[in-house]
Each structure stands twice: as C-alpha cells, then as structure tokens.
Amino acid sequence: MTRAVNNTQYPDADATYWFTSYTLPVGATVHLSGEFAHARYESFNSYSSDAATDQIGIPADVLTDARIAAAPGSDNPFVEGARRDTTHRSFEVLLTAAGAPQDGSRAPNVLYTLPAGSPPPSAPVLQQVILRVYVPDRGRNAAGGVDLPAVSVALADGSVLSGDAACAALQATPALVASGKGRLDVETYRQLVVLGDPVTHPAFDPLRWQRFFNARFNVLAAFWSGTAMEPQIASLDAAPRKGFFGNLDADYGIASVNRHFGPDTNGHNVLVVRGRAPATPHTSNGETVMGGGQVRYWSICQNESPVTTRVSDCLYDEQIPVASDGTYTIVISLPGDRPANATASCGVAWMDWGAGDGVDRPEAGTLIVRHMLAAADFATTWARVAVLGSEAAVLGDYLPQGQYLDRAGFEQRGCPAAG
Numbered sequence: 001m002t003r004a005v006n007n008t009q010y011p012d013a014d015a016t017y018w019f020t021s022y023t024l025p026v027g028a029t030v031h032l033s034g035e036f037a038h039a040r041y042e043s044f045n046s047y048s049s050d051a052a053t054d055q056i057g058i059p060a061d062v063l064t065d066a067r068i069a070a071a072p073g074s075d076n077p078f079v080e081g082a083r084r085d086t087t088h089r090s091f092e093v094l095l096t097a098a099g100a101p102q103d104g105s106r107a108p109n110v111l112y113t114l115p116a117g118s119p120p121p122s123a124p125v126l127q128q129v130i131l132r133v134y135v136p137d138r139g140r141n142a143a144g145g146v147d148l149p150a151v152s153v154a155l156a157d158g159s160v161l162s163g164d165a166a167c168a169a170l171q172a173t174p175a176l177v178a179s180g181k182g183r184l185d186v187e188t189y190r191q192l193v194v195l196g197d198p199v200t201h202p203a204f205d206p207l208r209w210q211r212f213f214n215a216r217f218n219v220l221a222a223f224w225s226g227t228a229m230e231p232q233i234a235s236l237d238a239a240p241r242k243g244f245f246g247n248l249d250a251d252y253g254i255a256s257v258n259r260h261f262g263p264d265t266n267g268h269n270v271l272v273v274r275g276r277a278p279a280t281p282h283t284s285n286g287e288t289v290m291g292g293g294q295v296r297y298w299s300i301c302q303n304e305s306p307v308t309t310r311v312s313d314c315l316y317d318e319q320i321p322v323a324s325d326g327t328y329t330i331v332i333s334l335p336g337d338r339p340a341n342a343t344a345s346c347g348v349a350w351m352d353w354g355a356g357d358g359v360d361r362p363e364a365g366t367l368i369v370r371h372m373l374a375a376a377d378f379a380t381t382w383a384r385v386a387v388l389g390s391e392a393a394v395l396g397d398y399l400p401q402g403q404y405l406d407r408a409g410f411e412q413r414g415c416p417a418a419g
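Residue numbers for the sequence shown follow this note's numbering, so the first one is 1 and each next one is one higher.
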C-alpha cells in the first residue's frame, strides 16, 4: 500500500505498507524469517475489530524494530547507537493467535494477533497484519533494500509448510478485510457537513487540532464541534484505541482545513503552517549510526476525508527546513497557487493541497501530524494529550499554528520568508 496503490486508511506517503489477511488453523503459528530494512523505522502491527461498534482496523499489538532480537550472529540496526550498515541483520518473528499478556510478560519476538488478554481461539480466526517500512535509505527500494520476510507455518501436528503451501493453509490474501465502519458513506458525510457551514464545516480558522483517540470518537467530535451537537461530545467513548488500521507506535493530531478561509473569495488561498519541530534521527542518506531524538519520526500529511481516507501529500521531518530557532514553515496550496518563495532555499516547505475531500468540495481537506515513538522524557507530544481540548496546553510550541493567506500575501514576506 502506497499513495499510488491501495491509497486508503490515511497512509503516510513516505512509508510503504504490506498487508495480509489470513485464517490461522487452531494450534498453528506463523514464522517470519527476514532481514532488518535499511530505513528509519520498521514494524509489524496486528489488527482486530470491535463487534459492539462495528469498527475495523483496531490495532491489537505491535512488534517494533528495536524490540526485535536479531538472529544469532546478526545485529539490530534500529537500536540507538547501533551500526546501521551492518551486513548481518537477520531476524525471526513468530505470529501467534492469542492476545498479549496483560501483565506485560510477553515472549520475545512474538506478535500477538488478538486483543490483549485474549485466550487462544478454539476455532480458526481471521488475522490481519501490516508490515511497515518508513523512509528507506536513499537508493534502496521500498522494502529498505532487503527481501520481504519468508513465511512458514507450523501446524498443530508438528508439520511445517512454507511457500505456496503455507499461503494455501492460511487462506492468505494480500488485502485487508474492510467490512464494518472503516470509512463514512457519502450520504452520512453530507449530513454531517450541513451541521455547520456547508462550505467550510468541519474546518475552523484558526486551526482546531484534536488528538486521535479512536475512529468513531474523532469523526463525530470533528463534525459536532461548533454545532448544536457539541455538548454531546463529552458522552462519546474517547478510549485511545486508534482505528483506521493505525500504528500503535504512532500518535496523531488531526485538523480539518478549507481554502475558503482567507482573503481570496474564490478559494485560491494558501495555508501557512508553523510550529516547532521535534528532534529526530537522520537516516535517509544512509547514516552509519542510529541516532536518537525526541521522536523517531514525525510527518505532516494533507488528506481527503473520512469518505475516501486517501492521502494527498506528505512531508516528513528531513524534508522540512528547520530554522536556527527550531521552527518550521510549511505552505499548503494547489500547485498553481504556490508562492514563488515557498521553496527550501527560502526556508519554506511546500505541500500539495490535493483533490479536496474526494467527494465534491475541492477546497476541503484533513491535516494529520504523526509523532512516532516519542521519547519517555518528551512531554509535548500527542500521546500525552489525555482529553480533547488540552492539545494546545500539552504540545505548546510543538502544536502547529495555521494562517490562511493568498499567494501574494505570502510572497510579500520575501526570501527567506519572514514570519
């Protein structure tokens, strides 16, 4: 899954996702043998569903690169301080149909594919897993210059299958099962839009950010905000269990945006986003040692709407110029409205606004900012937001601020672009 292929569930354009759905026979386990990618980040996530709310794509467990023990004689290049260019980088991972122990006593190199605490099933059960690779080193392929892991299945009778035989035994398919409420239907979306100003709703000026808690909560909270339904937000279940096949290693902030805000009455405005950039390791040029930072990775993406869940464009940390004071400036616009000084040489990153909401409002959109693997001592990150409405207090200068201008208005700021 990339921006060009299977663009759904709000992917990050600077990552590649390989997904599978399979049915594991009772008592069987799946074994993966592979090599660590030459990349910023790699993980395996498993997913479940919630029958009570008909929600899909709820993360069950994650096995993160640095937590995977390397095979004997190999090294893990994702551990901070490790050599990233090691030639011996093999690993073995086990996928088991059970929930992670709730006391934290998980087995090494095991991805649990059911919700935490779930016992092994008594009948075959559908499993869904995504392998993610973020920011392969320059010159490497999407998988980070290594082959995808080889798959084998150990059955309850002790026999082991590999290759096509393993896939047949698992009834495996390279697709996600998307039944349930993974996206809004067009009619429901239109009903939610007209709860407010049908031209701009649910966007606000200035930007109104929400930490992503779970799919149902955030969709309703976005569309109910600023309407007669706003008092009902407090009654919604805001448990932080994510959704949209999200990543347990990442936390997200979301803001609806609309080009009808700003001085141009025809909607040809640009959105200027400013904030403080979290520190990250640099890896894209093949740096030889894995560094540290406040987060492993951060990005900002322009997306369509909960109807399509498509991404339009993204920038990740190394693509965003950072000033000497640690701040950044990003301009989001249509290509034809791009200011002449919205360039890296002027200290400005630019991002394509894209197709709008993907329904019938080309001026609309959805911004998502990801923080991945925040350091324990980094308190100004999405994961520390406990309740809706506390985003500004928690993130402080790291919360992106937005201003709508027209092209000429931004160009007046010169080069380097003045704040």
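Each residue gets a CB set at the ideal place from its N, CA and C atoms; glycine is no exception. These numbers come from a predicted model, not from an experiment.
Helix, strand or coil for I56 per DSSP? Translated into the one-based positions of the sequence shown, residue 56 becomes position 56. In this structure, I56 counts as strand in the three-state DSSP scheme.
What three-state label does DSSP hand L426 in the structure shown? In the structure displayed, the chain extends from 1 to 419; residue 426 sits before or after that span and is not available.
Cβ pair V193, A39 closer than 9 Å: Within the sequence shown, the letter at position 193 stands for residue 193. Within the sequence shown, the letter at position 39 stands for residue 39. With respect to the 9 Å criterion, V193 and A39 are not classified as neighbours on the basis of their beta carbons.
Any chance you could list the alpha helix (DSSP H) runs of at least 4 consecutive residues sitting entirely within the region 166-208, in chain order? The region 166-208 contains these whole alpha helix (DSSP H) runs: 186-193.
Candidates T280, S305, V311, P339, of which the one nearest I320 by Cα: Counting from 1 along the sequence shown, the entry for residue 320 is found at position 320. Looking from the CA of I320, the closest CA among T280, S305, V311, P339 belongs to T280.
R138, buried or exposed, once every other Cβ within 10 Å from all chains shown has been counted against 16: Along the sequence shown, read from residue 1 onward, the residue named residue 138 stands at position 138. That one is exposed.
Assuming Y252 contacts I368 under a Cβ cut-off of 8 Å, what Cβ separation, rounded to an integer in Å, is found between them? Counting from 1 along the sequence shown, the entry for residue 252 is found at position 252. Counting from 1 along the sequence shown, the entry for residue 368 is found at position 368. Their Cβ separation, rounded to whole angstroms, is 6 Å, which keeps Y252 and I368 in contact under 8 Å.
On the three-state DSSP scale, how would you describe S49? Looking up residue 49 in the sequence shown gives position 49. Collapsing the DSSP output to three states places S49 in a strand.
With 16 other CB atoms within 10 Å as the buried threshold, where does P115 fall? As a first step, residue 115 is located in the sequence shown; it is residue number 115 there, counting from the start. By the 10 Å Cβ count, P115 comes out buried.
Considering only residues of the same chain and omitting the five flanking positions on each side of T86, which have a CB-CB separation below 8 Å? Working through the sequence shown from its first residue, we reach residue 86 at position 86. S74, D75, P77.
Assigned secondary structure, C346 (DSSP; H/G/I helix, E/B strand, else coil): Here the question's residue 346 lines up with position 346 in the sequence shown. Assignment of C346 by DSSP, reduced to helix, strand and coil, places it in the helix class.
Rounded straight-line distance, which links the Cα of E230 to that of D14: The count along the sequence shown starts at 1 and reaches residue 14 at position 14. The count along the sequence shown starts at 1 and reaches residue 230 at position 230. Straight-line Cα distance between these residues: approximately 35 Å.
So what does DSSP say about E230, is it helix, strand or coil? Numbered from its first residue, the sequence shown carries residue 230 at position 230. Correct three-state label for E230: helix.
Closer than 8 Å is the cut-off here; do at least three beta carbon pairs connect the region 20-35 with the region 297-306? Under the Cβ criterion (8 Å, minimum of three pairs), the region 20-35 does not count as touching the region 297-306.
Compute the Euclidean distance between the alpha carbons of N7 and A123, then round it to the nearest angstrom. Stepping through the sequence shown from its first residue, residue 7 is reached at position 7. Stepping through the sequence shown from its first residue, residue 123 is reached at position 123. So the two alpha carbons sit approximately 33 Å from each other.
Taking the alpha helix (DSSP H) that R259 belongs to, which residues open and close that run? Counting from one through the sequence shown, the residue named residue 259 turns up at place 259. Going by DSSP, R259 is part of no alpha helix (DSSP H) at all; its letter is neither H nor E.
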